[in-house]
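K.L.:
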Amino acid sequence: NAGVMQNPRHLVRRRGQEARLRCSPMKGHSHVYWYRQLPEEGLKFMVYLQKENIIDESGMPKERFSAEFPKEGPSILRIQQVVRGDSAAYFCASSPSRSLSYNEQFFGPGTRLTVL
Amino acid sequence: AQSVTQLDSQVPVFEEAPVELRCNYSSSVSVYLFWYVQYPNQGLQLLLKYLSGSTLVKGINGFEAEFNKSQTSFHLRKPSVHISDTAEYFCAVSWNSGGSNYKLTFGKGTLLTVNP
Numbered sequence: 010n011a012g013v014m015q016n017p018r019h020l021v022r023r024r025g026q027e028a029r030l031r032c033s034p035m036k037g038h039s040h041v042y043w044y045r046q047l048p049e050e051g052l053k054f055m056v057y058l059q060k061e062n063i064i065d066e067s068g069m070p071k072e073r074f075s076a077e078f079p080k081e082g083p084s085i086l087r088i089q090q091v092v093r094g095d096s097a098a099y100f101c102a103s104s105p106s107r108s109l110s111y112n113e114q115f116f117g118p119g120t121r122l123t124v125l
Numbered sequence: 004a005q006s007v008t009q010l011d012s013q014v015p016v017f018e019e020a021p022v023e024l025r026c027n028y029s030s031s032v033s034v035y036l037f038w039y040v041q042y043p044n045q046g047l048q049l050l051l052k053y054l055s056g057s058t059l060v061k062g063i064n065g066f067e068a069e070f071n072k073s074q075t076s077f078h079l080r081k082p083s084v085h086i087s088d089t090a091e092y093f094c095a096v097s098w099n100s101g102g103s104n105y106k107l108t109f110g111k112g113t114l115l116t117v118n119p
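Protein sequences, first through last, are from chains Y and D.
Going by the numbering used here, the first sequence opens with residue 10, and the numbers climb by one from there.
Going by the numbering used here, the second sequence opens with residue 4, and the numbers climb by one from there.
See the structure below:
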């Protein structure tokens, strides 16, 4: 059973370009979470999605960032007009359907974005 | 704002020595507690978790952690480390309130280096 897949693993963009990060959850998982890890910082929650729904985007910057999890295909985190401060590692996690207790999140290897 | 503090950014130890990685969090309201390990160029792997019940939690690879509610701590311990334990360790907390227990808050991480 493959784990959470993220691609690309490394992405280099120039200021002003767009960055698209993809995340394929584990088989059978319908919940996806995105986290960002800035240099010398811990991971910070960005957004929580289910298929075709954004559940909580309270950690997403209000501008330039968007996320989706379509009915078919991977979840996409999109950053428009990237700036140097967007350079970070972006991690995706997935979990199975919600239960009454906590659902463990399984993390992917991350995408390391560098903005030149 | 709720926060997680890992007091040591780096911990060097010799092989077969005991180790303790410290973690404190900001509030003693109902919490779920986690330790993750990240090996170079890999995703985060769950070492152990506390959801309820016994305050001493045993995880994989011989690690254990103790939940101390009065001190709002969740320190990670291993009685004898191996070279292969060299990795970054992250403490994470989920505050079980308002239906957002999926939102993990991470510490900045502790780099454990095991020397021969």
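Note that the Cβ used here is the ideal one computed from N, Cα and C, for glycine as well.
Given the structure is predicted, the values throughout are model-derived calculations rather than measurements.
1. For E69 of chain D and H78 of chain D, which I take to be in contact (beta-carbon distance under 8 Å), what is that distance rounded to the nearest angstrom?
2. Taking contact to mean at least 3 C-beta pairs separated by less than 8 Å, is the segment 94–104 of chain Y in contact with the segment 45–61 of chain Y?
3. Could you tell me the boundaries of the beta strand (DSSP E) in which K53 of chain Y lies?
4. At a Cβ cut of 9 Å, what residues of the segment 51–64 of chain Y count as close to chain D, listed as they run along the chain?
5. Sorted by chain position, which residues of the same chain lie with C-beta nearer than 6 Å to G124 of chain D's C-beta, five sequence neighbours on each side aside?
6. Between F109 of chain D and chain Y, is the shortest Cβ-Cβ distance under 7 Å, so that the two count as touching?
7. I'd like the list of long-range same chain contacts for P83 of chain Y, defined as Cβ closer than 6 Å, with 5 residues on each side in sequence excluded.
8. What residues in the segment 26–46 of chain D bring their beta carbon closer than 8 Å to a beta carbon of chain Y?
9. Between L115 of chain D and chain Y, is any beta-carbon pair separated by less than 7 Å?
10. Name the residue from Y:A102, Y:V92 and Y:E113 whose alpha carbon lies nearest to the alpha carbon of T123 of chain Y.
11. Report the neighbours of S103 of chain D on chain Y: residues whose CB is nearer than 8 Å to its CB, in chain order.
12. Given Q5 of chain D, which residues of its chain have a CB within under 8 Å of its CB, disregarding the five upstream and five downstream residues?
13. With a CB to CB cut of under 6 Å and the five nearest residues on each side skipped, what residues in its chain are close to P3 of chain D?
14. Report yes or no: is there a C-beta of chain Y within less than 7 Å of the C-beta of K72 of chain D?
15. Report the rounded CA-to-CA distance for K71 of chain Y versus E61 of chain Y, giving the unit in angstroms.
16. Report the CB separation of R87 of chain Y from R22 of chain Y in whole angstroms; it is logged as a contact under 8 Å.
17. Give the straight-line distance between the Cα atoms of S50 of chain D and F115 of chain Y, rounded to the nearest whole angstrom.
18. V13 of chain Y: which of Y:H40, Y:R24 and Y:E27 sits nearest, CA to CA?
19. Please name the residue or residues paired with L61 of chain D in a DSSP beta bridge.
20. From the DSSP output, read off the bridge partner residues of F17 of chain D.
21. With 7 Å as the C-beta to C-beta threshold (strictly closer), list the residues of the segment 69–88 of chain Y near chain B in chain order.
22. Quick one: measure Cβ to Cβ for K52 of chain D and F37 of chain D, integer angstroms, because I've assumed they're closer than 8 Å.
P.N.:
Considering the structure as presented:
1. Position 66 of the second sequence holds residue 69 of chain D. Position 75 of the second sequence holds residue 78 of chain D. For E69 of chain D against H78 of chain D, the beta-carbon gap comes to about 6 Å, under 8 Å, which counts as contact.
2. A contact exists between the segment 94–104 of chain Y and the segment 45–61 of chain Y.
3. For the purposes of this step, residue 53 of chain Y is identified with residue 44 of the first sequence, where counting begins at 1. Where K53 of chain Y is concerned, the enclosing beta strand (DSSP E) stretches over L52 to Q59.
4. For the segment 51–64 of chain Y, which is checked against every Cβ of chain D, the residues closer than 9 Å are G51, L52, K53, F54, Y57 and I64.
5. In the structure displayed, chain D extends from 4 to 119; residue 124 of chain D sits before or after that span and is not available.
6. For this step, residue 109 of chain D is matched to residue 106 along the second sequence. Chain Y, which has a Cβ nearer than 7 Å to the Cβ of F109 of chain D, makes this yes.
7. As a working note, residue 83 of chain Y is residue 74 in the first sequence. Result list for P83 of chain Y: R31, C32 and S33, in chain order.
8. Close to chain Y, meaning a Cβ-Cβ distance shorter than 8 Å, are the following residues of the segment 26–46 of chain D: Y35, Y39, N44, Q45 and G46.
9. Residue mapping note: residue 115 of chain D aligns to position 112 of the second sequence, counting from 1. No - not a single Cβ of chain Y is within 7 Å of the one on L115 of chain D.
10. Translated into the one-based positions of the first sequence, residue 123 of chain Y becomes position 114. Its Cα nearest to that of T123 of chain Y, the residue Y:V92 stands out among Y:A102, Y:V92 and Y:E113.
11. Locating residue 103 of chain D in the second sequence gives position 100, counting from the first residue. Those within 8 Å of S103 of chain D in chain Y are D65.
12. The residue given as residue 5 of chain D occupies position 2 in the second sequence. Here the set comprises Y28, S29, S30, V96, W98 and T108.
13. As displayed, chain D neither begins before 4 nor continues past 119, which places residue 3 of chain D out of reach and without an answer.
14. Walking along the second sequence from the start, residue 72 of chain D turns up at place 69. Not closer than 7 Å to any Cβ of chain Y, the Cβ of K72 of chain D fails to qualify, so no.
15. Counting from one through the first sequence, the residue named residue 71 of chain Y turns up at place 62. Counting from one through the first sequence, the residue named residue 61 of chain Y turns up at place 52. Going by the C-alpha atoms only, they are around 20 Å apart.
16. Here residue 87 of chain Y refers to the residue found at position 78 when the first sequence is read from its first residue. Here residue 22 of chain Y refers to the residue found at position 13 when the first sequence is read from its first residue. By a beta-carbon distance limit of 8 Å, R87 of chain Y does not contact R22 of chain Y. Their separation comes to about 12 Å.
17. Here residue 50 of chain D refers to the residue found at position 47 of the second sequence. Here residue 115 of chain Y refers to the residue found at position 106 of the first sequence. The question names Ser, but residue 50 of chain D in the sequence shown is Leu. L50 of chain D and F115 of chain Y: Cα-Cα distance of roughly 12 Å.
18. As a first step, residue 13 of chain Y is located in the first sequence; it is residue number 4 there, counting from the start. Nearest in C-alpha terms to V13 of chain Y, of all of Y:H40, Y:R24 and Y:E27, is Y:H40.
19. If you number the second sequence from 1, residue 61 of chain D lands on position 58. Correcting the residue type first, residue 61 of chain D is Lys in the shown sequence and not Leu. DSSP output for K61 of chain D lists D:E67 as bridge partner(s).
20. As a position in the second sequence, residue 17 of chain D is number 14, starting the count at 1. The beta-bridge partner set that DSSP reports for F17 of chain D consists of D:N118.
21. The question asks about chain B, but that chain is absent: this structure's protein chains are Y and D.
22. Counted from its first residue, the second sequence places residue 52 of chain D at position 49. Counted from its first residue, the second sequence places residue 37 of chain D at position 34. For a cut-off of 8 Å, the C-beta gap from K52 of chain D to F37 of chain D is around 5 Å, short enough to register as a contact.
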